[in-house]
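>
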Amino acid sequence: MTHSATQPGAISDFVPVDQSVSLPLYVQVIDQIENGIRRGSLPPGSFLPAEPQLVRDFQVARGTLRRAIDYLIDKGLIVRVRGVGTRVAAAPGIDKPGIRSLYAELAAADRKPATKVLTVDTAEADRALSDITGFAIGTPLRIIRRLRLANDLPVAVMENYFPAEFPEPRVDELTERSMDEYWERIGHSAAMVRQEVIACLPTAEQSALLRIEPGTPILSEHLRVYDDSRQFTNYSRNFYHPTLYRMTSVSTTQ
Numbered sequence: 001m002t003h004s005a006t007q008p009g010a011i012s013d014f015v016p017v018d019q020s021v022s023l024p025l026y027v028q029v030i031d032q033i034e035n036g037i038r039r040g041s042l043p044p045g046s047f048l049p050a051e052p053q054l055v056r057d058f059q060v061a062r063g064t065l066r067r068a069i070d071y072l073i074d075k076g077l078i079v080r081v082r083g084v085g086t087r088v089a090a091a092p093g094i095d096k097p098g099i100r101s102l103y104a105e106l107a108a109a110d111r112k113p114a115t116k117v118l119t120v121d122t123a124e125a126d127r128a129l130s131d132i133t134g135f136a137i138g139t140p141l142r143i144i145r146r147l148r149l150a151n152d153l154p155v156a157v158m159e160n161y162f163p164a165e166f167p168e169p170r171v172d173e174l175t176e177r178s179m180d181e182y183w184e185r186i187g188h189s190a191a192m193v194r195q196e197v198i199a200c201l202p203t204a205e206q207s208a209l210l211r212i213e214p215g216t217p218i219l220s221e222h223l224r225v226y227d228d229s230r231q232f233t234n235y236s237r238n239f240y241h242p243t244l245y246r247m248t249s250v251s252t253t254q
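Once you know that position 186 of the sequence shown is 186 in the UniProt record's numbering, the rest is easy, because the numbers rise by one and skip nothing.
1) DSSP three-state label for V60, please.
2) At the level of alpha carbons, what is the spacing between R230 and R194?
3) For V88, does the count of other Cβ atoms within 10 angstroms reach 16, so buried, or fall short, so exposed?
4) When you compare the segment 159-179 with the segment 199-207, are there three or more beta-carbon pairs, one atom per stretch, that lie closer than 8 Å?
5) Answer with buried or exposed for V155, where buried requires no fewer than 16 other C-beta atoms within 10 angstroms of its C-beta.
6) What first and last residue would you give for the beta strand (DSSP E) that runs through D152?
7) Could you tell me which whole beta strand (DSSP E) segments of length 3 or greater appear in the UniProt domain "HTH gntR-type" (23-91)?
8) Is N234 buried or exposed, if buried means 16 or more other CB atoms sit within 10 Å of its CB?
9) What is the DSSP secondary structure of I132, reduced to helix, strand or coil?
10) DSSP three-state label for T252, please.
11) Counting only the same chain and skipping the five closest in sequence on each side, list residues whose C-beta sits under 8 Å from that of E124.
12) Who are the Cβ neighbours of T122 in its own chain at under 8 Å, not counting the five residues just before and after it?
13) How big is the Cα-Cα spacing for V21 and S236?
14) Leaving out the 5 sequence neighbours to the left and right, which residues in its chain are closer than 6 Å to A68 when beta-carbon positions are compared?
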């Protein structure tokens with residue numbers, strides 16, 4: 001463990017990043033700092049070491065370090081204090097108030113989101129599909145499967161299920177934008193979302209798409225979305241890369 005004498009209370013137990021793996025260096029820096037915050041070794045109000053110390057600790061270039069720091073600031077995990085340094089936010093983890101799409105999160109973090117459409121199909125909901133999605137048996141559904149990337153690295157395999165009576169999304173809404181914009185365009189913006197997050201093992205296809213070893217546990221997010229009239233409009237499930245994406249939430253008693 002090293003201590004920085006240039007900032008009050010600055011503590012560091014960081015280690016050099018692994019230059020031999022494909023995970024970007026700035027992402028490895030982010031992971032170490034976030035892990036320190038979650039473990040409590042970087043408690044709210046504590047200061048990070050000065051930039052020269054962090055460069056030595058992580059053994060990265062200043063540009064790489066600054067990219068990681070900027071990301072953590074955008075996420076609300078740390079804040080810059082003029083003339084003093086960078087400290088852990090008083091309430092770390094608040095990074096997306098309200099309903100926010102994965103595309104919007106990545107764009108806000110300057111992670112260059114991109115999307116590859118895997119399949120676009122229609123099918124009538126049988127019992128199995130009805131059990132998964134919540135739509136009634138016999139409902140004609142549109143099923144869209146996509147791969148979301150950030151900085152050319154796979155982040156999530158996404159599946160959307162919604163009644164085929166809704167208009168077909170435009171190509172740009174599937175590849176260059178968020179599906180939220182599609183729902184806004186057709187007058188069914190999300191007003192309430194029921195979310196469930198489950199740990200699971202990926203299929204062989206998901207492992208290949210996410211570029212992970214078969215059998216590596218991942219998180220699956222299941223969303224049931226309702227519009228302003230409380231109409232159930234769509235069901236989606238997202239399968240996330242185990243290290244390139246992290247969910248954060250904050251609960252209050254007020």
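Just so you know, even glycine gets a beta-carbon here, dropped at the ideal spot from N, CA and C.
On the basis of the supplied data:
1) What you label residue 60 is simply residue 60 of the sequence shown in a count that begins at 1. Here V60 sits in coil by DSSP.
2) As a working note, residue 230 is residue 230 in the sequence shown. As a working note, residue 194 is residue 194 in the sequence shown. Each residue's alpha carbon lies about 12 Å from the other.
3) In the sequence shown, residue 88 corresponds to position 88, counting from 1. Around the CB of V88, 16 or more other CB atoms lie within 10 Å, so the residue is classed as buried.
4) Under the three-pair Cβ rule at 8 Å, the segment 159-179 does not count as touching the segment 199-207.
5) In the sequence shown, the residue the question calls residue 155 occupies position 155. V155 should be labelled buried.
6) If you number the sequence shown from 1, residue 152 lands on position 152. Neither: D152 is in no beta strand (DSSP E) and is coded neither H nor E.
7) Qualifying beta strand (DSSP E) stretches, in chain order: 78-81 and 85-88.
8) As a first step, residue 234 is located in the sequence shown; it is residue number 234 there, counting from the start. Label assigned to N234: buried.
9) Taking the first residue of the sequence shown as 1, we reach residue 132 at position 132. The three-state reading of DSSP puts I132 in helix, counting H, G and I together.
10) Numbered from 1 along the sequence shown, position 252 holds the residue referred to as residue 252. Residue placement at T252 is poorly supported in this model, since its pLDDT is 44, which falls under 50; the coordinates still yield a value, given next. Three-state DSSP puts T252 in coil, outside helix and strand.
11) Translated into the one-based positions of the sequence shown, residue 124 becomes position 124. For E124, where only same-chain residues beyond five positions count, the Cβ hits under 8 Å are G138, T139, P140 and L141.
12) Residue mapping note: residue 122 aligns to position 122 of the sequence shown, counting from 1. Answer for T122: P140, L141, R142, I143 and A164, listed in chain order.
13) Walking along the sequence shown from the start, residue 21 turns up at place 21. Walking along the sequence shown from the start, residue 236 turns up at place 236. Taking the straight line from one Cα to the other gives about 32 Å.
14) Here residue 68 is taken as the residue at index 68 of the sequence shown, counted from 1. The beta carbon of A68 is closer than 6 Å to those of Y26, V29 and I30 in its chain, skipping five residues each way along the sequence.
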